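Contents: one structure, followed by commentary.
2 protein chains.
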Amino acid sequence: METSNSAPVPQDAAALVALDWGSTSLRAFLMDAAGGVIADRTSDDGASRLAGGPAEFEKALRRLVGDWLQAQPRVPLLACGMVGSQHGWREAPYAGCPVAVDALDRHSIVADGTDGLQVRIIPGVCFTADHHVADVMRGEETQIAGLLCTHPALAARCRVVLPGTHSKWVEVRDGCIVSFRTCMTGELFSLLREHSVLGRLMPPATDFHAEAFDEALQRARDDAGLGLSWDLFSVRARALMRQLETAALPDYLSGLLVGHEVAGALRAVPRDEPLALVGDPVLCDRYVRALRVLGHPATVIARNTAPQGLWRLGCRARQVAS
Amino acid sequence: METSNSAPVPQDAAALVALDWGSTSLRAFLMDAAGGVIADRTSDDGASRLAGGPAEFEKALRRLVGDWLQAQPRVPLLACGMVGSQHGWREAPYAGCPVAVDALDRHSIVADGTDGLQVRIIPGVCFTADHHVADVMRGEETQIAGLLCTHPALAARCRVVLPGTHSKWVEVRDGCIVSFRTCMTGELFSLLREHSVLGRLMPPATDFHAEAFDEALQRARDDAGLGLSWDLFSVRARALMRQLETAALPDYLSGLLVGHEVAGALRAVPRDEPLALVGDPVLCDRYVRALRVLGHPATVIARNTAPQGLWRLGCRARQVAS
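As you go down the protein sequences, you meet chains A and B in turn. In case it helps, the working numbering puts the first sequence at residues 1 to 322. In case it helps, the working numbering puts the second sequence at residues 1001 to 1322.
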C-alpha cells in the first residue's frame, strides 16, 4: 500500500524530508522552511518488515520518495522511530531520562546510504527505575517534541498520552521527559480479537457501539482493583447468555482494555496535571470517553505530531536549509 | 494422541464410566463400585474439535472406550464439561448459584446415542450478579464435588482455585457453590507467547526459571493497583536491555500473569478462609509459589478430582450398579 497527496514538488521549496518510520509503516513528509507540509506519502515498509539489513531500508526509502531526493539531492533527511532500533537501518542508542526534548538531536546518529545519501536518526528514550531499565520508546519522543512546539504551555508540566499498539503515558516537566510507562492495550486487543476464545464470538467488523464501550469503561473503573485479566471473561459470559449482541462485543472488549489502562494510569497522575492526547483521531475519541468516565478529561487533543517534532529537531541541528 | 493405562478389564468389575470431557480433550475413567479407578484413557477429541454434531461425539466415545462398552453394555456413563455446552453433544442448561454441589445431578440431562447408548451429562454452573450472568463454568463444578468428597472438611467454607486456561476461583459455603469468577491467565499466556511482540523474544521451550518467576510475582504484587496490562511491556524492556536472559522470559511473563491473577483475587478472600488448589501438579506448583509470595498459602493441593466428582454424583443418581 502506498498513499500520496503530493502535487508536483515546487523546485527548491523543500527544506526537510521528515521520516516517521515505525514498525509497520513509513510515513514521509516533505516540509518547507516554515515547518509546513508540502507533500506526504505512506508505505507499508515499516522496520519490522525490512529484515534484510541497511540496504533494504535505503531501497524502501528511494521507492517511496526517490523523486523528491532526485529533485533536491541536498535536502536533509531526519527520521524517528523503529528505524533506529537494533533491527533498524542503524541503531541509535537510547537517551536516558530525564532528557530535554529539545536536546534529542544531540544524541542523533547518521545512517549512510549509497551516492552520499545520509539519514539522521533521532534516538529513542529509556526510563530507568530501581537500577533497571523499566521502559523504552522510539518515535513517541519526537511526537512529544512536535506537541510542545504547537502547544508550548504544556512544556512546564503535563502528561502526554499516546494511545496505540503500545500506549505510552509520558511525564513531562520543564521541557524534559522525566518518566514514562507503556501499556500493551492495542496489542492485547488485536491478540484477543484474532486468536482468543473471545474473538471467536465476534463478527469481523462492526460500527462503533458506544453503549457497550461505555458500559465496559464503568466495569473497568469499578473492577480496577481486581484487574484486567479478571474482567476479560465477562465478554464470553455476556455473549453466551445473549446479554450483549455479538456486534457490540468488540467495543465491549475495547472498553475493558482502555478502561483498565486509564484507571491504572490515573492513579499516578495528580488531579490538576494537564493531560494531552496525541494520535489517531478515532482512537483518541475512545480515550476522550475513557478519561471523562474516569474523571480526568484531556486538555489538548492532537493528531500525529511527528512531522512537527522532526522539523523542530531538524532546525536545531541546523540541518534545514533556510 | 491417545494414552491408556488399561489392563484387560475384569469382567463385571466396572460400576461407572466417568467422562471428563473438556474443550480440548476427552478423559475416560473406568471406575469400580468403591470409586476406585480401574483404567483410564485420554484422547484429543475435545468438544471444540467435534464440530459435526451429536454423531461425532458418539463416534469419539466409541473410538476411545468401545471395548469397555462392549464388555459391559449396561454400565452407566456420566460426563461433565464442555460436552454439555451449546456446541457439545447435548446442551445441559446451567444451574444457577447458589447450588448444592451434591445436588448437581438433579439438573443433569441425558444424551442418547445409537443401540441404546445413553450418556448422562452434569450441567455447568452460572453466577449472576447485579441481574447479569457474570460468569460460567463447565466441568469445574464436578471437580469441586470430587474435592469435597476427598476433603469433606472444606465443604463448610473454602475458596477452590482451579488454575488453567481459564482459571476459576470458587467460593464454597455449606456444600454450595455460592459465587465464582474466571481469570483468563492461561489463555493470555498462550496468546502472548505465540502471537505477541513479547513471544518473539522467547526461545521455544525452556526449563523452569524460578528466580525470574518469583521476581515477576513480586513486581505483580507491587504493581497490583496499576494493573496487568501495564506490567507486560516490562518483559520487552528487560529483554531489549539484556537484563534477563531470553530463556527466563517465559517464566517472567508467567509470573506476571499468575501474580496479577492471585493479587487481584485475594482482595476478595478473607485472610482466614482455607484455600484449595485443584489441577495439574506442575501448574499448581506455580500457584503455590504465588500464594506464598502474596501471603495466603494453600491448605490443600489436589490433582484432577473430576473422576471422584463424577463417581459421587453418579452414586446419588443411583446410576452406579453396586
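All C-beta atoms in this analysis are idealised placements derived from N, C-alpha and C, irrespective of residue type, glycine included. Quick caveat, the model's predicted, so the values are computed rather than measured.
Determine the closest residue to residue i out of the options, with distance taken between C-alpha atoms.
i	options	result
L50/A	V300/A, R90/A, D40/A	R90/A
P152/A	R173/A, V262/A, G139/A	R173/A
D67/A	V278/A, V37/A, L30/A, L78/A	L30/A
R193/A	R236/A, E215/A, C176/A	R236/A
Q214/A	L244/A, D251/A, L191/A	The question names Gln, but residue 214/A in the sequence shown is Asp. Closest by alpha carbon: D251/A.
I121/A	A298/A, M137/A, C80/A	C80/A
C176/A	M184/A, E141/A, A210/A	E141/A
L240/A	E273/A, Q218/A, A210/A, V197/A	V197/A
L191/A	E58/A, R292/A, S254/A, G84/A	S254/A
I109/A	V136/A, L77/A, F127/A, R271/A	L77/A
G1116/B	P1073/B, Q1143/B, G1084/B	P1073/B
P1281/B	R1219/B, P1163/B, L1064/B	P1163/B
Q1086/B	V1065/B, P1123/B, V1101/B	P1123/B
H38/A	R221/A, N304/A, A14/A	Note that residue 38/A corresponds to Ile in the displayed sequence, not to His. It is A14/A.
V327/A	G84/A, L26/A, E171/A	There is simply no residue 327/A to check, as chain A begins at 1 and stops at 322 in what is shown.
D20/A	G84/A, G264/A, G35/A	G84/A
Cα separation between residue i and residue j?
i	j	result
P203/A	R1062/B	35 angstroms
A1018/B	L1294/B	36 angstroms
L147/A	A302/A	8 angstroms
R1318/B	P1098/B	Note that R1318/B has pLDDT 48, beneath the 50 cutoff, so the model's placement of it is unreliable and no number is given.
A1134/B	R242/A	12 angstroms
P1054/B	A1028/B	18 angstroms
V75/A	R200/A	50 angstroms
S1043/B	K168/A	45 angstroms
P1307/B	D1045/B	18 angstroms
Q70/A	A111/A	19 angstroms
V1288/B	P1297/B	7 angstroms
V1320/B	L188/A	With a pLDDT of 47 at V1320/B, under the threshold of 50, the modelled position of that residue is not reliable, and no figure is offered here.
D40/A	E273/A	34 angstroms
A268/A	R1181/B	28 angstroms
A1100/B	Y1094/B	13 angstroms
M1184/B	S234/A	10 angstroms
A60/A	A92/A	19 angstroms
A129/A	A103/A	22 angstroms
D222/A	V1300/B	32 angstroms
D285/A	R157/A	23 angstroms
S1322/B	A1033/B	Confidence at S1322/B is low in this model, with a pLDDT of 41, below 50, so the placement of that residue is unreliable and no value is reported for it.
Identify whether residue i lies in helix, strand or coil by the three-state DSSP scheme.
i	result
D280/A	coil
M202/A	coil
S1043/B	strand
L1291/B	helix
R219/A	helix
R63/A	helix
V1101/B	helix
R120/A	strand
V75/A	coil
D1135/B	strand
V1197/B	coil
L310/A	helix
L1147/B	helix
Per DSSP, residue i forms a beta bridge with which residues?
i	result
E171/A	R159/A, S179/A
G96/A	C126/A
W1021/B	L1026/B
V1300/B	A1276/B
M31/A	L16/A, V37/A
V1258/B	In DSSP, V1258/B forms no bridge with anything.
I1109/B	I1121/B
C1080/B	D1020/B
Check this for me: beta carbons of residue i and residue j, under 7 angstroms apart or not?
i	j	result
L16/A	G309/A	no
G22/A	G1227/B	no
R1138/B	M1082/B	yes
V262/A	A224/A	no
S229/A	H1260/B	yes
C149/A	R312/A	yes
L277/A	V136/A	no
A216/A	L256/A	yes
A1248/B	H1209/B	yes
L1238/B	L1232/B	A small fix is needed here, since residue 1238/B is Arg in this sequence, not Leu. No, Cβ-Cβ distance for R1238/B and L1232/B is not below 7 angstroms.
G1088/B	A1047/B	yes
E1058/B	G1113/B	yes
T24/A	Q143/A	no
T1206/B	G1186/B	no
Is there at least one Cβ from chain C nearer than 7 angstroms to residue i's Cβ?
i	result
G186/A	Annotation note: the requested chain C is absent from the structure, which comprises protein chains A and B.
Tell me whether residue i counts as near the ligand FMN, meaning its Cβ is closer than 6 angstroms to at least one heavy atom of that ligand.
i	result
A1060/B	In the structure on display, the ligand FMN does not appear, and there are no ligands present to speak of.
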